[in-house]
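Chemist: All residue numbers for the sequence shown refer to this note's numbering, where the first residue is 12 and numbers rise by one. This is the structure I have questions about; it appears just below.
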Amino acid sequence: MSAHESAPAHPAVTAPVLSVTDIRKQFFGNEVLHGISLDLVPGTVHGLVGENGAGKSTLMKIVAGVYRRDGGDVRIDGVSVDFGHPVEAAAAGVATVFQEFNLLSDRSVAQNVFLGREPRRRGLIDTAQMRRATAALLDDLGISGIDPDSQVGSLTVAEQQIVEIVKALSIDARVISMDEPTAALADHEVAILYRVIRRLRDRGVAILYVSHRLKEIFDLCDTITVMKDGSLVSTDPAAALDQPTLVRRMVGRPISAFFPDPEPGTELGALLVRVRGGGNTQLDDIAIDLRAGEVVGLAGLQGSGRTELVEALFGAAPFTRGQVTLAGAQRTIRSPRQAVRLGIALVTEDRKRTGLALNQSILDNALLAIRSVFPRRTRAERASIPGVFDALELVSRGPKQEVQALSGGNQQKVVLAKWLATEPRIVLLDEPTRGIDVGAKVAVYRLIRELAKRGVAILLVSSELPEVIGMADRVLVMRDGRVAGELPAGSSEETVLALATGASDERSAA
12 MSAHESAPAH
22 PAVTAPVLSV
32 TDIRKQFFGN
42 EVLHGISLDL
52 VPGTVHGLVG
62 ENGAGKSTLM
72 KIVAGVYRRD
82 GGDVRIDGVS
92 VDFGHPVEAA
102 AAGVATVFQE
112 FNLLSDRSVA
122 QNVFLGREPR
132 RRGLIDTAQM
142 RRATAALLDD
152 LGISGIDPDS
162 QVGSLTVAEQ
172 QIVEIVKALS
182 IDARVISMDE
192 PTAALADHEV
202 AILYRVIRRL
212 RDRGVAILYV
222 SHRLKEIFDL
232 CDTITVMKDG
242 SLVSTDPAAA
252 LDQPTLVRRM
262 VGRPISAFFP
272 DPEPGTELGA
282 LLVRVRGGGN
292 TQLDDIAIDL
302 RAGEVVGLAG
312 LQGSGRTELV
322 EALFGAAPFT
332 RGQVTLAGAQ
342 RTIRSPRQAV
352 RLGIALVTED
362 RKRTGLALNQ
372 SILDNALLAI
382 RSVFPRRTRA
392 ERASIPGVFD
402 ALELVSRGPK
412 QEVQALSGGN
422 QQKVVLAKWL
432 ATEPRIVLLD
442 EPTRGIDVGA
452 KVAVYRLIRE
462 LAKRGVAILL
472 VSSELPEVIG
482 MADRVLVMRD
492 GRVAGELPAG
502 SSEETVLALA
512 TGASDERSAA
């Protein structure tokens, strides 16, 4: 079933609950929003897409009362409003669930939901009423696994996401904006969020949904607005669009340019990695080969062992059995430091938690691995880093800027620069384009092609099957901690999924 087939017909009441008209915003004399207009209708999901820097977050923050607009009009039920603080927006029934949660980890779910608005009885906080109200809100969303008394810090990311949504419902929000709500979720957690969003929509809530994942946009949204460089490109019913059209509007180039062909002169070279019988507590009987100049895709469902395999190769969770051979020499990789010395780099799936020091500068982050493993090379690499930034098309105010101030795509480029500085022969990429915009994705793909041309062996892990199929010379599919099979370049998504789920085994048995 397609996205639009799963969406209900538009409700009979089509008057917008929230309208923004000709919104303009400047920072330091530079206009970043150039007259943006859109309407949010009750009982619909409105997708907002565009590359990083398109102005999506700025528009969301104006709607949320974080920023004051410099021009234009915001109306709730046709009445002009001017929110000067998120509390004012909340009072008007407008809530925002930002990518970075605004929760207190050492307090309970109920305490977070009613923070600053605690019900009182005889002058004291009525904790029993808070718990009952929170339980009722969770039940209303069909959520049974979250206890109102649970400490928020003990919850999964998906559960914390739901707590944020429950907070919004507790103020009787009629408009909920969501910024990249699935960026840190596993596949089964995304399914839970889908169910919650559809339930909110069916209750008549208007949802503004921002995501780089185009599949989600088409799965969930009734209407899609495209922004580029602070301007409005288009607003159309989702059913009137397809992915190629949407990509072309977002980035100004066709989807065929997404996955560049191998660089001229790229050749399949020597065997750099061979694993036979590799295993640990999460992996079993792993057998893989990686050659110089080759891009090998690693596909599989969440929990299939993809991340565990790259962590084993990198020594973060080492193999405890089997044989690993690097460039013809048998090795036992016991730690990441040893892996880096052997020419292996790992771009982890969570750049903020394990890839970057967010409060340090761009330059310091780019030199992290060199300083740690090859300190004598620091001076030479410091001089070459600006050239690496230029090659990656890093957009920043300069090397002294803190990494946390960069967009997701530019943060990922800093992670890549950190590993390029080590001059690796083997690069392990775990979800390298997660949470970055289409333009930044293309920059990563071009880098992969360039590394392959230089003779680097690349293992690419991705949950996005078009990415694996579009970039890999061959595809390994994992299931239950094992390599379930190997497929040639250009294999269909259906074939990959059949291996990943075991459906191909069932067909063979039949």
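For every residue, glycine included, the Cβ atom is placed at its ideal position computed from N, Cα and C.
Is the CB-CB distance between V284 and L324 below 9 Å?
Modeler: In this structure, L324 lies closer than 9 Å to V284 by Cβ.
Chemist: Quick one: using the 10 Å Cβ neighbour count with 16 as the cut-off for buried, is A310 buried or exposed?
Modeler: So A310 ends up on the buried side.
Chemist: Can you find at least 3 beta carbon pairs, one from the region 86-96 and one from the region 128-144, that sit closer than 8 Å?
Modeler: Result no; under three Cβ-Cβ pairs closer than 8 Å.
Chemist: Three Cβ pairs or more, each shorter than 8 Å: is that satisfied between the region 297-309 and the region 473-483?
Modeler: A contact exists between the region 297-309 and the region 473-483.
Chemist: With V414 as the anchor, note down where its alpha helix (DSSP H) starts and where it stops.
Modeler: Unbroken run through V414: none, as it is neither H nor E.
Chemist: Mapping the DSSP letters down to three states, classify Q334 as helix, strand or coil.
Modeler: DSSP places Q334 in strand when its eight states are reduced to three.
Chemist: Could you tell me the distance, in whole angstroms, from the CA atom of V31 to the CA atom of V399?
Modeler: C-alpha separation (whole angstroms): 41 Å.
Chemist: Below 9 Å between beta carbons: does that hold for Q173 and I187?
Modeler: Reading off the sequence shown, one finds Ile at residue 173, where the question assumed Gln. No, Cβ-Cβ distance for I173 and I187 is not below 9 Å.
Chemist: Keeping to the same chain, check which residues put their C-beta closer than 6 Å to that of E504; ignore five residues upstream and five downstream.
Modeler: Result list for E504: L476, in chain order.
Chemist: Are the CB atoms of P329 and S346 within a distance shorter than 9 Å?
Modeler: Their beta carbons are under 9 Å apart, which means S346 touches P329 by this criterion.
Chemist: Looking at the secondary structure, which residues open and close the alpha helix (DSSP H) in which D401 lies?
Modeler: Its alpha helix (DSSP H) spans residues 389-402.
Chemist: Does R79 come out as helix, strand or coil in the three-state DSSP assignment?
Modeler: Coil, per DSSP.
Chemist: According to DSSP, what are the bridge partners of A356?
Modeler: Answer by DSSP bridge pairing, in chain order: V438.
Chemist: Quick one: what's H45 bridged to in DSSP?
Modeler: DSSP lists R35 as partners of H45.
Chemist: What separation, rounded to the nearest whole angstrom, lies between the Cα atoms of V244 and S407?
Modeler: Each residue's Cα considered, the two are about 25 Å apart.
Chemist: On the three-state DSSP scale, how would you describe H199?
Modeler: Helix, per DSSP.
Chemist: Exposed or buried, what is L462 when buried is set at 16 or more other beta-carbons lying within 10 Å of its beta-carbon?
Modeler: Buried is the call here.
Chemist: Beta carbon of R3, beta carbon of T512: below 9 Å?
Modeler: The chain is shown only over 12 to 521; residue 3 falls outside these bounds and no answer can be derived.
Chemist: Is the Cβ-Cβ distance between L440 and V472 less than 9 Å?
Modeler: Yes; because the gap between Cβ atoms is below 9 Å, this pair is in contact.
Chemist: Less than 9 Å separating the beta-carbons of R436 and G466?
Modeler: It is a contact, given that the beta carbons lie within the stated cut-off.
Chemist: Let's see if you can read the secondary structure: which residues bound the alpha helix (DSSP H) around V486?
Modeler: No alpha helix (DSSP H) holds V486; the beta strand (DSSP E) holding it covers 485-490.
Chemist: Looking at the structure shown, is P499 part of a helix, part of a strand, or coil, going by DSSP?
Modeler: Strand.
Chemist: How do the region 227-242 and the region 45-63 stand: do at least 3 beta-carbon pairs fall below 8 Å, yes or no?
Modeler: With a cut-off of 8 Å, the region 45-63 and the region 227-242 count as touching, because enough Cβ pairs lie within range.
Chemist: To the nearest angstrom, how far is the alpha carbon of A356 from that of P248?
Modeler: C-alpha separation (whole angstroms): 43 Å.
Chemist: Which residue or residues does DSSP assign as beta-bridge partners of A103?
Modeler: BP columns for A103 are empty, so no partner.
Chemist: Could you give the C-beta distance for I381 and T389, rounded to a whole number, given that I count them as a contact under 8 Å?
Modeler: Sure, about 5 Å apart at Cβ, within 8 Å.
Chemist: Does the region 450-461 come close enough to the region 271-289 that 3 or more CB-CB pairs lie under 8 Å?
Modeler: They touch, by the three-pair rule.
Chemist: Can you tell which of D300, R352, G64, D296 has its C-alpha closest to the C-alpha of G280?
Modeler: When only C-alpha atoms are compared, the closest one is D300.
Chemist: Between the alpha carbons of L405 and V335, how many angstroms are there, rounded?
Modeler: Between L405 and V335, the C-alpha separation is close to 36 Å.
Chemist: What is the rounded straight-line gap between the Cα of L166 and the Cα of R118?
Modeler: Their Cα atoms are separated by approximately 11 Å.
Chemist: Could you tell me the distance, in whole angstroms, from the CA atom of S418 to the CA atom of S116?
Modeler: Rounded to whole angstroms, S418 to S116 spans 25 Å at the Cα level.
Chemist: Pick out whichever of G104, E478, R35, A368 has its Cα sitting closest to the Cα of G215.
Modeler: Here the closest residue by C-alpha is G104.
Chemist: Cα separation between L369 and G134?
Modeler: Whole-angstrom Cα-Cα distance: 43 Å.
Chemist: Taking 9 Å as the cut-off, decide whether the C-beta atoms of T193 and R224 are in contact.
Modeler: Yes, they are a contact pair.
Chemist: With H, G and I counted as helix, E and B as strand and the rest as coil, what does DSSP make of V110?
Modeler: For the sequence presented, residue 110 should be read as Gln rather than Val. Q110: coil per DSSP, three-state reduction.
Chemist: Got a sec, what are the start and stop residues for the alpha helix (DSSP H) T145 sits in?
Modeler: Start and end: 138-151.
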